[in-house]
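Chemist:
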Amino acid sequence: MLMTMAPHPHSNSTSLQIGWCEYVGLPKWGVNQLRAKIDTGARSSALHVANLKKLTRNRVAFDVVLHRDLHERCVHVVAPVVRRASVRPTTGKAQRRYFVKTTLHLGDTEREIEISLIDRGEMRFRMILGRTALHGIIVNVSQRYALGREKKNLQLAKKKTTKAKPK
564 MLMTMAPHPH SNSTSLQIGW CEYVGLPKWG VNQLRAKIDT GARSSALHVA
614 NLKKLTRNRV AFDVVLHRDL HERCVHVVAP VVRRASVRPT TGKAQRRYFV
664 KTTLHLGDTE REIEISLIDR GEMRFRMILG RTALHGIIVN VSQRYALGRE
714 KKNLQLAKKK TTKAKPK
């Protein structure tokens with residue numbers, strides 16, 4: 564089964580085909596590779612973070628946890644908050660979340676996306692890509708890792724700080 568979405572206004576590709584899970588990168592934060600589940604039922608994207616802290620001047624600090632079992636593999640990020648909003652996850656109970664923007668690297672494309680920050684520690688995938696990040700992309704729900712399973716670029720980072728530039 565294929566699902567097609569309208570072209571994303573900032574996408575440099577309108578015909579990228581992906582599977583229901585893929586490796587993605589968040590290059591502005593030094594994250595080269597992270598497993599993401601493609602969820603066309605979710606409006607927004609979500610990222611598993613630890614140690615989320617509200618800072619002054621409308622910023623947050625958090626650790627992007629790169630591996631499900633090896634929690635010490637993380638990247639520390641400080642980023643401006645784009646908004647704070649209620650999100651209703653599959654559990655049904657609304658949660659207030661911080662949203663930040665960064666660049667998503669998917670296949671040969673890069674696009675600016677908005678991501679909510681949440682503890683997804685019990686979940687298999689570190690990241691969920693929702694509909695707003697998937698415009699112009701074809702999702703083949705019968706395929707996994709359509710862009711390849713290459714893991715050689717996996718960020719095996721020691722704790723590192725990356726500051727996102729405020730706009």
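Under my numbering, read the sequence shown as residues 564 to 730, first letter to last. C-beta: ideal position from N, C-alpha, C; glycine also.
Below 8 Å on the Cβ atoms is my guess for L710 versus G655; work out the distance and round it to an integer in Å.
Modeler: So it is not a contact: roughly 32 Å between Cβ atoms.
Chemist: Relative to the C-alpha of K591, which residue among E585, E635 and V663 is closest?
Modeler: V663
Chemist: Quick one: is D682 buried, meaning 16 or more other Cβ sit within 10 Å of its Cβ, or exposed?
Modeler: exposed
Chemist: Find out if the Cβ-Cβ distance for the pair V594, L629 is shorter than 8 Å.
Modeler: Contact flag set, yes.
Chemist: Three-state secondary structure (DSSP) at R651?
Modeler: Residue state, collapsed to three classes: coil.
Chemist: Measuring straight from C-alpha to C-alpha, what distance separates Y708 and R647?
Modeler: Answer to the nearest angstrom: the Cα atoms are 32 Å apart.
Chemist: Please state whether DSSP places T666 in a helix, a strand or coil.
Modeler: strand
Chemist: Here's the rule: buried if 16 or more other CB atoms are within 10 angstroms of the residue's CB, otherwise exposed. What is G699?
Modeler: The C-beta of G699 has 16 or more other C-beta atoms within 10 Å across all chains shown, which makes the residue buried.
Chemist: What's the gap between the Cα of L618 and the Cα of I676?
Modeler: So the alpha carbons of these two residues sit roughly 22 Å apart.
Chemist: With distances taken from CA atoms, which of P643, W583 and V638 is nearest R598?
Modeler: With respect to the C-alpha of R598, the residue from P643, W583 and V638 having the closest C-alpha is W583.
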